[in-house]
Amino acid sequence: MKKILITLCVVAFMGLTPTLHAQEMMVKGNPKTKVCHMEGCKHFNAKGCTVSFDNNEAAMMAGYRKCSMCAKKMKRMMMDNPMMNKKMDPSSMSSNMMMMSMKSIE
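Quick note on our numbering: the sequence shown kicks off at 40 and runs consecutively.
Structure, rendered in structure tokens:
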């Protein structure tokens with residue numbers, strides 16, 4: 040039984056990999072608009088983006104929201120991954136999900 044749970048967690052983690060990677064991308068935000076941009080966004084190096092965050096989760100915790108292009112990119116990443124629940128909100132994804140699944144094994 041324990042081997043099955045571990046296998047399921049590994050498979051689930053593999054399905055989360057693109058999302059976790061997106062969570063760990065550097066993010067820059069504009070303090071006036073409270074809009075942030077992930078690495079790779081054409082607005083990432085915009086003049087107004089003066090605040091840097093280590094990841095998307097940190098930006099969200101500081102009250103920033105993703106620009107529409109970054110939000111669409113994140114949504115596409117989720118939809119392209121068959122392991123992910125398509126109804127799940129990309130901004131709610133975090134590395135804590137892996138920790139929760141690992142704790143359920145113990």
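Note that the Cβ used here is the ideal one computed from N, Cα and C, for glycine as well.
On the CB-based measure, 16 or more other CB atoms within 10 Å of its CB, does residue i come out buried or exposed?
i: GLY87; result: exposed
i: LYS71; result: exposed
i: LYS152; result: The structure shown does not extend to residue 152, since the chain is modelled only from 40 to 145, so the question has no answer here.
i: MET77; result: buried
i: LYS111; result: exposed
Nearest to residue i by CA position, among the options, is which residue?
i: GLY102; options: MET108, CYS109, PHE92 and LYS111; result: PHE92
i: PHE83; options: ALA110, GLY68, LYS73 and ARG104; result: GLY68
Going along the chain, which residues of its own chain have a beta-carbon closer than 8 Å to the beta-carbon of residue i, five neighbours each way excluded?
i: VAL74; result: GLY68, TYR103, ARG104, LYS105 and CYS106
i: CYS80; result: CYS106, MET108, CYS109 and LYS112
Would you give the residue range spanned by the beta strand (DSSP E) that residue i belongs to?
i: LYS67; result: 66-69
What first and last residue would you give for the alpha helix (DSSP H) that runs through residue i?
i: CYS147; result: Only positions 40 to 145 of the chain appear in the structure, and residue 147 is not among them; the question remains open.
i: CYS75; result: Premise fails: CYS75 lies in the beta strand (DSSP E), 74-77, not in any alpha helix (DSSP H).
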